Amino acid sequence: MKKILILLCLASLFLLFFLQFNSISKTNSFLEEKISQVLSSMTIEEKIGQMLILYETHSKVDEEVLSLFHKIKPGGIILNQENITTYENTKNYIEKVKSLNDIPLIVSVDQEGGRVQRLQLLEDLAPTYLPSMREIGDTKDSALAYEVGKILAKQVKTLGINVVYAPVCDIVTSEQNTGIGNRSFGNTPTLVSSMCTNFARGIEEENVLATYKHFPGHGDTITDSHTSLPIINKSLEEVEDFELIPFKAAIENNAKIIMVGHIAFPNITNDETPASLSKIMITDILKNKLHYNGLVITDALNMKALTDNYSEEEIYTMAVNAGVDLLLMPSNPEKAIEILKENLSEERINESVKKILKFKFTYLENEELLDQSYLSKTSYQETLNRISTELNH
């Protein structure tokens, strides 16, 4: 009798596994078919448009914006101070740009906490102010990082934002590093890894997508890539044992987007090519060595680390040839499309666009907005008070 019960249990488990596997297979098959159909219906210009995250400087969807979206059909936008005005106006702006294309739109924002939280630009409402990553890291309590990640995601969901450029995975080793500074969780790989993965887990449990940045690590330099090119003279072995540890943890925790920084590692690449334009850093190390298969996005392409050293043609072409999928803030998106159309094979473009479509159809199709009360709640302050309490002990 006991043997029969064991056999029945095993049979039930096998049947359950088979049904789940069959369901997953059907879902994957449907998704692949959908991606194939959409891809085959797109022009080469529309495909390249999906690889662009635009920096658009209007506060409402006027004729100029309509014309831009009609020409480019971009993969997404990044919100900045020009787009963030009153709560209702910002929310309506996002709703309208999302409606301009049948393919879901990435609506992204720099929202980290501390000195980088764009939602504080809202003119008529005051979202709960989130502490810097350094303050959270100083508690050494990863559960608090998780809770703050959830708060951040709830805040951006009130507007319809679906991607945030956080957490910062850089390990700061110098107080002179003002470009990153307190945007980092701390100065050890173990602490930063734990904080980053838990912060991102909190964000993504609220159905917002996190972006781990700035690969391969912007912490060991006092140069700010907004103004010039940082150069880190470390070997691959040294970087693997330090800077790359938080990114390895991110990949193990199913990172979906990784942002590559404009930082040169000449002892790894044999020249001063920024990581964001380097095939060695992106394809050889991030993809092949670390086995990352999610989306790769550049840091902003209007930063002087790039623009002082490379032409637009070089920036766009080198980035995509290096393995980048999404180009953040190209200076001239129409020119970017023409350059990439001329210099890249359609096969290479399709490789990135398939990944982008898979990402969008998996994560962006059933978005849920929260009402404006989620910008600031009493429960948020209770979490933040725990941070203050832990820091004061």
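Residue numbers (my numbering): 7 to 399.
Just so it is clear, CB atoms sit at the ideal spot from N, CA and C, and this is done for glycine as well.
As the structure is a computational prediction, the values presented were derived from the model and not from experiment.
Counted within 10 angstroms of its Cβ, other Cβ atoms place residue i as buried (16 or more) or exposed
i	result
Leu72	exposed
Lys66	exposed
Asn204	buried
Ser29	Low local confidence applies: a pLDDT of 46 at Ser29 is under 50, so the model's placement there is unreliable, with the coordinate-based value given in what follows. Exposed: under 16 other Cβ atoms inside 10 Å.
Gln182	exposed
Arg124	buried
Asp68	exposed
His64	exposed
Thr233	exposed
Arg189	buried
Lys79	buried
Phe36	exposed
Residue i, enclosing beta strand (DSSP E) - first and last residue
i	result
Gly119	117-119
Lys187	Checking the sequence, you will find Gly at residue 187 rather than Lys. That residue, Gly187, is in no beta strand (DSSP E); it is neither H nor E in DSSP.
Lys219	218-221
Val178	First-last for Val178: undefined, no H or E at that position.
Met265	263-266
Neighbourhood of residue i by C-beta distance below 7 Å, restricted to the same chain and skipping five residues each side
i	result
Ser394	none
Gln387	Thr134
Glu129	Thr91, Thr92
Lys254	Leu296
Asp147	Glu396
Anticipated Cβ contact below 8 Å, residue i with residue j, distance rounded
i	j	result
Leu283	Met324	4 Å
Ile167	Val113	5 Å
Ile362	Leu296	No, Ile362 and Leu296 are not in contact; Cβ-Cβ is about 20 Å, not under 8 Å.
Lys219	Val174	6 Å
Leu60	Gln117	Leu60 to Gln117, Cβ: 18 Å. No contact.
Pro339	Leu127	With 8 Å as the limit, Pro339 and Leu127 do not qualify as a contact, their Cβ atoms being about 23 Å apart.
His224	Ile269	6 Å
Glu396	Thr145	4 Å
Phe191	Gly155	About 12 Å; that fails the 8 Å criterion.
Asp217	Tyr171	For the record, residue 217 in the displayed sequence is Thr; it is not Asp. Sure, about 5 Å apart at Cβ, within 8 Å.
Leu346	Tyr322	6 Å
Enclosing alpha helix (DSSP H) for residue i [first to last residue]
i	result
Ile303	Ile303 -> not in any alpha helix (DSSP H); beta strand (DSSP E) instead, spanning 301-304.
Tyr386	384-397
Phe205	195-211
Gly225	Note, Gly225: premise wrong, no alpha helix (DSSP H); not H, not E.
Ala270	No alpha helix (DSSP H) contains Ala270, which DSSP labels as neither H nor E.
Pro5	With the chain running from 7 to 399 in the structure shown, residue 5 is simply not present.
Contacts around residue i, its chain only, beta-carbon distance under 8 Å, and the 5 residues preceding and following it disregarded
i	result
Ser337	Leu307, Asn308, Thr313, Glu318
Ala149	Asn204
Same chain, Cβ closer than 6 Å to residue i, neighbours up to 5 away in sequence not counted
i	result
Tyr298	Ile257, Leu292
Leu106	Phe75
Leu111	Gly82, Lys104
Asn391	none
message: Which complete beta strand (DSSP E) runs does the segment 51-119 hold, if anything under 3 residues is left out?
response: The DSSP assignment places complete beta strand (DSSP E) segments of no fewer than 3 residues inside the segment 51-119 at 58-61, 82-85, 112-115, 117-119, in order along the chain.
Whole runs of the alpha helix (DSSP H) within the segment 300-368, excluding any shorter than 4 residues: Restricted to the segment 300-368, the alpha helix (DSSP H) segments that are unbroken, complete and at least 4 residues in length are 310-313, 318-328, 339-349, listed in chain order.
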